[in-house]
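Enquirer:
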Amino acid sequence: MGKTIAIFSTKGGVGKTFIALNLGVSLGYFSGKKVAVVDMDLHAMGDMLRLLNVSAAKSMLDLASALKTDPKKANLSEFLVSAGKLKVSLLPAVLKPKDASLLTEDKIKSVLKYLESQFDYVIIDAGRAFTETLFTVFNHSNLILLTVTPDVISVYQTKWSLDILQSLHIPLNMIKVVINRAESVGGVSWQEIRAALPCDIISRIPSEGRAAGMALNRRVPVVIDSQNARVSQAINKLAKDLLEKPALFLEHHEIQAADTHKDVLLK
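Below, the structure is given as structure tokens:
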């Protein structure tokens, strides 16, 4: 079975989609692993496809329907967008905002379980809101990467997110921190971030706006567009750690929080 990695942050603009896509490409292109990247950020639908200048005709909803009808006849190539030489496949959760309400727990479970049987790694851009969709994703994750940028608001929101995740009885050793735009001038130091958060920092991705900006405008992942850039090297180092340290991944952990507790979080 493949490993599922959820990338999450309650603060927008911290680079979740950027990290999810480039990490997936690093694992697929450089390591030869079969990788699926799932866009489940329902507040910024389509961003991942735009980063590669590709379009999708079908979504997780369509794949869930096909799996329900006959799993043996489900042809992944009909549902996932191939990024060609990048060696990664993309799957949007939905194609239209109005379809988000149709994304039920059972549909998400069936698709993630199927993807885990077909790919070495399933990387999920899990969005930035505590919803039932997010809880379902966490239930099927082997590792949760919290993305934080070196500013007071991001660090505070990450600490708040960690408090909630622990209240949901998610093991702390399943959660790791990725600092994006690390070493930014005037930013909070990584030592201060480490002191503020109770979980390990797994990666510090440096701020390299020129390389990242050029890659964005060219619609090419930065790990391909600027392979010698420090930002690319840091992402490749994270991919290498994931490949070489299986102890980073835990078994799927069912959230045990009471329904009333979830209801409070969802309000």
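Position 213 of the sequence shown, counted from 1, bears residue number 1672 in our numbering, the numbering being contiguous throughout.
For each residue, glycine too, the CB sits at the ideal point set by N, CA and C.
On a predicted model such as this, the values are computed, not experimentally measured, just so you know.
#1: Does DSSP put residue 1665 in a helix, a strand or coil?
#2: Looking at the structure shown, is residue 1725 part of a helix, part of a strand, or coil, going by DSSP?
#3: When you compare each of 1582, 1581, 1616 to residue 1589 by their alpha carbons, which one comes out closest?
#4: Residue ranges of each beta strand (DSSP E) run of no fewer than 3 residues wholly in the stretch 1581 to 1646, ordered along the chain?
#5: So what does residue 1497 bridge to, in DSSP terms?
#6: Could you tell me the alpha carbon to alpha carbon distance between residue 1523 and residue 1570, rounded to whole angstroms?
#7: Take residue 1539 and list the residues in its own chain whose beta-carbon comes closer than 7 angstroms to its own, dropping the five residues that flank it on each side.
#8: Take the Cβ of residue 1599 as the centre, count every other Cβ of all protein chains shown within 10 Å, and call the residue buried at 16 or more, exposed below.
#9: What are the residues that DSSP puts in a beta bridge with residue 1463?
#10: For residue 1541, which beta-bridge partners are listed by DSSP?
#11: Shortest alpha-carbon distance to residue 1460 belongs to which of 1644, 1601, 1660?
#12: What's the call for residue 1512, buried or exposed, on a 16-neighbour Cβ count within 10 Å?
#13: Report all residues from its chain with a CB closer than 8 angstroms to the CB of residue 1707; omit the five preceding and five following residues, and keep chain order.
#14: Return the residue from the list 1658, 1642, 1609 that minimises the CA-CA distance to residue 1620.
#15: Run the CB neighbour count on residue 1640, radius 10 Å, all protein chains shown included, and call it buried at 16 or more, exposed below.
#16: Flag residue 1628 as yes when its Cβ comes closer than 7 angstroms to any non-hydrogen atom of the ligand GDP, and as no otherwise.
#17: Hey, how far is the Cα of residue 1716 from the Cα of residue 1604?
#18: By DSSP, does residue 1474 sit in helix, in strand, or in coil?
#19: In whole angstroms, what is the alpha-carbon distance linking residue 1614 and residue 1466?
#20: Alpha carbon to alpha carbon, what distance is there between residue 1675 and residue 1777?
#21: Where residue 1655 and residue 1647 are concerned, what is the direct C-alpha to C-alpha distance, given to the nearest angstrom?
Expert: In short:
#1: strand
#2: Confidence at residue 1725 is low in this model, with a pLDDT of 49, below 50, so its placement is unreliable and the value that follows should be read with caution. Residue 1725 falls in the helix class under three-state DSSP.
#3: 1616
#4: 1602 to 1607, 1634 to 1641
#5: 1550, 1583
#6: 6 angstroms
#7: 1495, 1548, 1549, 1550
#8: buried
#9: 1581
#10: 1548
#11: 1601
#12: exposed
#13: 1602, 1635, 1661, 1700, 1701
#14: 1658
#15: buried
#16: Within the structure as shown, the ligand GDP is missing, as the structure has no ligands at all.
#17: Below a pLDDT of 50, predicted positions are generally treated as unreliable, and residue 1716, at 46, falls in that range; no measurement from the model is reported.
#18: coil
#19: 16 angstroms
#20: Outside the displayed span of the chain (1460 to 1726) sits residue 1777, for which this structure offers no information.
#21: 11 angstroms
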